[in-house]
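Numbering (the numbering used here), first residue to last: 158 to 329.
Glycine is no exception: its CB is placed at the ideal position from the N, C-alpha and C atoms.
Some notes on the structure that comes next.
See the structure below:
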């Protein structure tokens, strides 16, 4: 397996600052609860909230539809649920990459049943070419082509999360 640099750390940071400004503009001093989808979005969430001056709370959901493969199996399993009550709160789900959309749609529908005041979605990367379900994303860092990527929290079989840049995975 080979890695080819795709998105630099500097470009990631530029997108994060833009997204933070958009969110601050939309929420104007309101408290926001950010729901980080583990494990891939942890770095993005940490960097994003450091640029937001609103009152902020963070909680985590862990879900899987990939296992150790490169293609979703389509079945979503929640392995860690929220600890905070989101009823009547402004919620933003933070995702690393929207791919097929299965996991995100499942989580969005699950959270909407908990009656938040509002629920939006923010993703660092949007891979529309792979979308299999209809899901709207409110804040997008950048759209990417149909590559399998790793780095900046995004893994392949739990490896490569620690890379500062985002890389395309190429099979040998």
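Nearest to residue 165 by alpha carbon, out of 281, 329, 328? As a working mapping, residue 165 is identified with position 8 in the chain shown. Minimum Cα distance to residue 165 is reached at 281.
Extent of the continuous beta strand (DSSP E) to which residue 304 belongs: On the chain shown, position 147 is the one that residue 304 refers to. Per DSSP, residue 304 belongs to no beta strand (DSSP E) and is neither H nor E.
Once you ignore the five residues that flank residue 271 on each side, which residues in its own chain have a CB closer than 7 Å to its CB? Residue mapping note: residue 271 aligns to position 114 of the chain shown, counting from 1. Excluding positions up to five away in sequence, the list reads 243, 244.
Whose CA, out of 167, 163, 180, lies closest to the CA of residue 297? Position 140 of the chain shown, counted from the first residue, corresponds to residue 297. Of the candidates 167, 163, 180, the one whose C-alpha sits nearest the C-alpha of residue 297 is 180.
Expected contact under 8 Å - CB spacing of residue 234 and residue 194 to nearest Å: For the purposes of this step, residue 234 is taken as residue 77 along the chain shown, with counting starting at 1. For the purposes of this step, residue 194 is taken as residue 37 along the chain shown, with counting starting at 1. With 8 Å as the limit, residue 234 and residue 194 do not qualify as a contact, their Cβ atoms being about 13 Å apart.
Whole-angstrom distance between residue 329 and residue 295, CA atom to CA atom: Numbered from its first residue, the chain shown carries residue 295 at position 138. Numbered from its first residue, the chain shown carries residue 329 at position 172. Each residue's Cα considered, the two are about 36 Å apart.
Applying the 10 Å Cβ sphere with the 16-neighbour rule, what's the burial state of residue 236? On the chain shown, residue 236 is found 79 positions in, with the first residue counted as 1. Under a 10 Å Cβ-count criterion, residue 236 is classified as exposed, with fewer than 16 other Cβ atoms of the shown protein chains found around its own Cβ.
Beta strand (DSSP E) containing residue 180: first to last residue? Mapped onto the chain shown, residue 180 falls at position 23. Residue 180 -> not in any beta strand (DSSP E); alpha helix (DSSP H) instead, spanning 166 to 184.
Answer yes or no: the CB of residue 254 versus the heavy atoms of the ligand ZN, is any distance below 7 Å? The ligand content of the structure shown is nil, which means the ligand ZN is not present either.
Taking the continuous beta strand (DSSP E) assigned at residue 324, which residues delimit it? Against the chain shown, residue 324 aligns to sequence position 167. Residues 323 to 327.
Measuring CA to CA, which of 267, 262, 205, 269 is closest to residue 288? Sequence index remark: in the chain shown, residue 288 carries index 131 (1-based). Considering only alpha carbons, the answer is 262.
Spatial neighbours of residue 301 within its chain, please: CB distance less than 6 Å, with the 5 preceding and 5 following residues excluded, ordered by chain position. On the chain shown, residue 301 is found 144 positions in, with the first residue counted as 1. These residues qualify, in order along the chain: 282, 284.
Taking contact to mean 3 or more Cβ pairs, one atom from each stretch, closer than 8 Å, check whether the region 203 to 214 and the region 180 to 192 are in contact. Yes, the region 203 to 214 touches the region 180 to 192.
Taking only runs that begin and end inside the region 250 to 300, name each unbroken alpha helix (DSSP H) of 4 or more residues, in chain order. 259 to 269
In this structure, does DSSP put residue 206 in helix, strand or coil? Here residue 206 is taken as the residue at index 49 of the chain shown, counted from 1. Helix.
C-alpha gap between residue 254 and residue 240, whole angstroms: Position 97 of the chain shown, counted from the first residue, corresponds to residue 254. Position 83 of the chain shown, counted from the first residue, corresponds to residue 240. Roughly 23 Å separates the two Cα atoms.
Kindly indicate which residue of 247, 286, 256, 265 has the alpha-carbon position closest to the one of residue 274. What you label residue 274 is simply residue 117 of the chain shown in a count that begins at 1. Comparing Cα-Cα distances from residue 274 to each of 247, 286, 256, 265, the minimum goes to 247.
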